[in-house]
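Residue numbers (the working numbering), protein chains in the order written: chain R, 39 to 829; chain F, 25 to 256.
Glycine included, each C-beta is placed from N, C-alpha and C at the ideal position.
Working notes for the structure below.
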């Protein structure tokens, strides 16, 4: 009994550590590098799950006492993981030099390699419990419950500790656990030394600055300026915030050349080391910040001229948008800021420098998601300013991430909250090539078509500065003379307004690349131009919210012809995903096939006999499970309306209820019911989930979370059953096959996440959901086939 | 004594060999990296042939001094790719009577190139150590028409304004207004504009009048604060 309890404790802890490590690791390296790149590394490292299955096959006959073996493995896992983490920190990988330095590929490979041991050994420890004498349903239950806790824990810890501190804390607890088990079970104190390891690593990391933020991030650049210092630092689940003061620190986006006044030295907020949001010194003399009126973002204020009642700033950050609204005498200013840490800082530590703008009487900043706010507010605005919400670089490497603000549906929500004279102003970085700016224009055109906005071309104007473009969409016909006056005064260029021709462009900006102007004209005139354009500028929707992805097949061909430097590495998101998917698939497949070559020697004939059915079944249920997870994250992001909590709630709920389901699968003698129910529920979600959400959307945040748990929990409960259903049979009748199945399932998990991303970027989430329903149906057929064969 | 003299002569010989080697590399650099890419201004080409780029980089980087890429020079800074230096210099359209302002001295190489063409070079560096090192280097190498200032480049150098040309050698998200003020009417500024860490536009800014500025995008470049310039 004691052995069983200890085994289950090990299983629970390691399962939770794996998930927690993954999430915290991504957070740590979002700070020191960029999230997109780290997510790729993690995807590769999760291949360790699959490798563990193959290792299990070869190790199985050596495992006499599963607990002793597990315990030894735990110690090994603990030590190796810390050593590998140390090595990871010291490998000097620099993604920006990949364009011209081949050794960066070696560094990238090394960093990936150091992550493999953690996940492989962790999965091995879990796998041993699966093939031991314990009930599959219990093991699976504890594995999933542990994983759900592991998914939940970082969100809690990150409110109090930095990601790195949280990780060290978990390793410290891991060491304590090993010591306790050593004392209770083996009456040995020899493990005591292990607790020194995380302490040593902590010492090394903090004293030798091993976790260095990339020198190519804005934060590092600012810190090198004279008299630079970090005023304050704050950790939140969303990001780590640094506030920097330095000599010569100035950030202004979209400034006009015709401005000849003063730009004060600023304080900057950095999110995960980048994406600077400047805070301007303000002491009620707003006219001293005249430069704010000399930006492309100021256009709507010039167009409205008369008194401006209400302004909404989406993404208030350091308050630039608020100050601009104050400069133009807006009577009431509403702001939305998702990061609570920023609001706290602006209201407290930074209030004096910023002129206390977050606490002004006519300023009200809400901590919520923009889409959530705009759907539920009953207010209407004269101006809605959607600020530059991502860093120049962050959007690129994060180009496999979703964004629910830049979608057709969301844009219309904003549009519908304008007063009769209202204007939306969306500002984007002007990149080279200018696909980002073109895409926002494409989005606006699609919004007008979808929602049948009359006379739309008279209501839209698109302008540019040296490095920003601002798109204004008005409820009324735009006064082009006013636009032209603004452009003349500011030396800005038009990209599009109604009636524009070649004589209107390149008055202040000559560019050999006139693609921006011509492409926008074509988008207006030719309905299908989106398909022909070399970059992916399809308007993004809630179903396919990948705004930052610009790569499509044509683009890949261009990169091949012109070389990798044509598109900077930071914009490679989708391309990297495809490369990664190919690499991981080959890598994983090799490990699955490997046991087949040794099957005769190791008397693994069972694998050869039943390989296709087993392979397909465990492969498919993993694929479909993770496809559903990806879809549910997308769906419930739009319902819960918080990027961190929605992902956490989906993952935790799915794991928890799947774990519960695995405990009860034996109660269902007829497995047809399980698969039928899964397919039935998913079909309902496919056709009706949006209607369900619309019905429930008016409830407050907490109630929506509770409703989400129910809606996610129901299908998850049944989705937890297919795995133990067949696994328990195999384990009883074909034990070696069980090891192989465990590995296949692990590999499939990795591939499924990557392929779900690729499919949803290309085709949208609906197709992914439909595909997973079909897969569950196929899994059911395979289950019946295997059952028939084995009996 | 004879041995010492012999060693001395061998060292001089070795030094002159290595200096010759650098000269060969420099001439090759001008031919293969600069002229071949369309730089035609003889003054620029001659300046690049004369200025010993290898003396502007740290010892361990000397062997790479004439390669077609930027190089680290310490303090988190780098020296630009040779072509970028040539391009930006040519774009300024300077002559022997010109007075030019450089923002971001860095290693001092760009300033040295400019000094071969113009009457006076005023160069500003925000990092004190870099400014000091550059100053020493200019003195050692005999560049007497380069004047260095350790200050925030945003403000330019009001006392020495106006300038016929202004060159900014690190990425900026905006053109500092004081610099535009200090540019002569008819003068040219060359500046990479865009966010650091990715591709920016190398802008040629021409001041038509106090109210009117015309800009032209010359090419796409990658300027990061720590990598002074690399053509895409």
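- Within the same chain, Cβ atoms closer than 7 Å to the Cβ of residue 415 of chain R are found at 455, the five residues on either side in sequence being excluded.
- Looking from the CA of residue 781 of chain R, the closest CA among R:445, R:628, R:732 and R:572 belongs to R:628.
- Rounded to whole angstroms, the separation of the alpha carbons of residue 290 of chain R and residue 323 of chain R is 19 Å.
- In the three-state DSSP reduction, residue 140 of chain R falls in the coil class, being neither helix nor strand.
- The residues 790, 794, 806, 809 and 810, in chain order, have a CB closer than 7 Å to that of residue 665 of chain R in the same chain once the five nearest residues on each side in sequence are set aside.
- Sixteen is the threshold: when 16 or more other Cβ atoms of the shown chains lie within 10 Å of the Cβ of residue 150 of chain F, as they do, the residue is buried.
- Under the Cβ distance rule, residue 198 of chain F counts among the residues neighbouring chain R, one pair being separated by less than 8 Å.
- Residues of the same chain with a CB within less than 8 Å of the CB of residue 367 of chain R, apart from the 5 flanking positions on each side, are 345 and 346 in chain order.
- Non-local C-beta neighbours of residue 585 of chain R in its own chain, meaning closer than 6 Å and more than five positions away in sequence, comprise 441, 444 and 578, ordered along the chain.
- Nearest Cα to residue 536 of chain R within the set R:575, R:122 and R:493: R:493.
- The beta strand (DSSP E) runs lying completely inside the stretch 152-190 of chain F and spanning 3 residues or more are 170-174, given in chain order.
- In terms of Cβ geometry, residue 464 of chain R and residue 509 of chain R form a close pair [threshold 8 Å].
- In this structure residue 656 of chain R is in contact with residue 779 of chain R, their Cβ atoms being roughly 5 Å apart against a cut-off of 8 Å.
- Collapsing the DSSP output to three states places residue 573 of chain R in coil.
- Rounded to the nearest angstrom, the gap between the Cα atoms of residue 66 of chain R and residue 110 of chain R is 29 Å.
- In this structure residue 357 of chain R is in contact with residue 396 of chain R, their Cβ atoms being roughly 7 Å apart against a cut-off of 8 Å.
- Nearest CB-CB separation between residue 408 of chain R and chain F: not below the 8 Å threshold.
- Under the three-state reduction of DSSP, residue 742 of chain R is assigned to helix.
- Taken through DSSP and simplified to helix, strand or coil, residue 138 of chain F comes out as helix.
- For the set R:491, R:785 and R:708, the Cα lying nearest the Cα of residue 821 of chain R is the one of R:708.
- The DSSP-derived three-state label of residue 620 of chain R is helix.
- For the pair of segments examined, the stretch 244-254 of chain R was found not to touch the stretch 217-226 of chain R: the number of CB pairs separated by less than 8 Å stays below three.
- Contact check for residue 819 of chain R against residue 189 of chain R fails: the beta carbons are separated by 8 Å or more.
- If you look at residue 77 of chain F, you'll find it isn't in any beta strand (DSSP E); DSSP assigns it neither H nor E.
- It is roughly 37 Å from the alpha-carbon of residue 121 of chain F to the alpha-carbon of residue 541 of chain R.
- Exclusion of the five residues before and after residue 93 of chain F leaves 105 as the residues of its chain whose Cβ lies within less than 6 Å of its Cβ.
- For residue 410 of chain R, the enclosing alpha helix (DSSP H) stretches over residues 408-414.
- Judged by their CB atoms, residue 574 of chain R and residue 590 of chain R are nearer to each other than the 8 Å cut-off.
- By the C-beta criterion, the stretch 389-408 of chain R is judged to be in contact with the stretch 315-330 of chain R, since at least 3 inter-stretch pairs fall below 8 Å.
- For residue 227 of chain F, the closest Cβ of chain R is nearer than 8 Å.
- Taking a C-beta cut-off of 7 Å against chain F, the contacting residues of the stretch 244-277 of chain R are 253, 254, 259, 262, 263 and 264, listed in chain order.
- Look at the stretch 571-594 of chain R: it has no residue with a C-beta under 9 Å from a C-beta of chain F.
- Annotation: residue 741 of chain R to residue 713 of chain R spans about 30 Å, alpha carbon to alpha carbon.
- Residue 729 of chain R is classed as exposed because its beta carbon has fewer than 16 other beta carbons within 10 Å across all chains shown.
- Restricting attention to alpha helix (DSSP H) runs no shorter than 4 residues, the stretch 235-313 of chain R encloses them at 256-261, ordered along the chain.
- Your pair residue 659 of chain R and residue 723 of chain R does not check out as a contact, with CB atoms roughly 18 Å apart and the cut at 8 Å.
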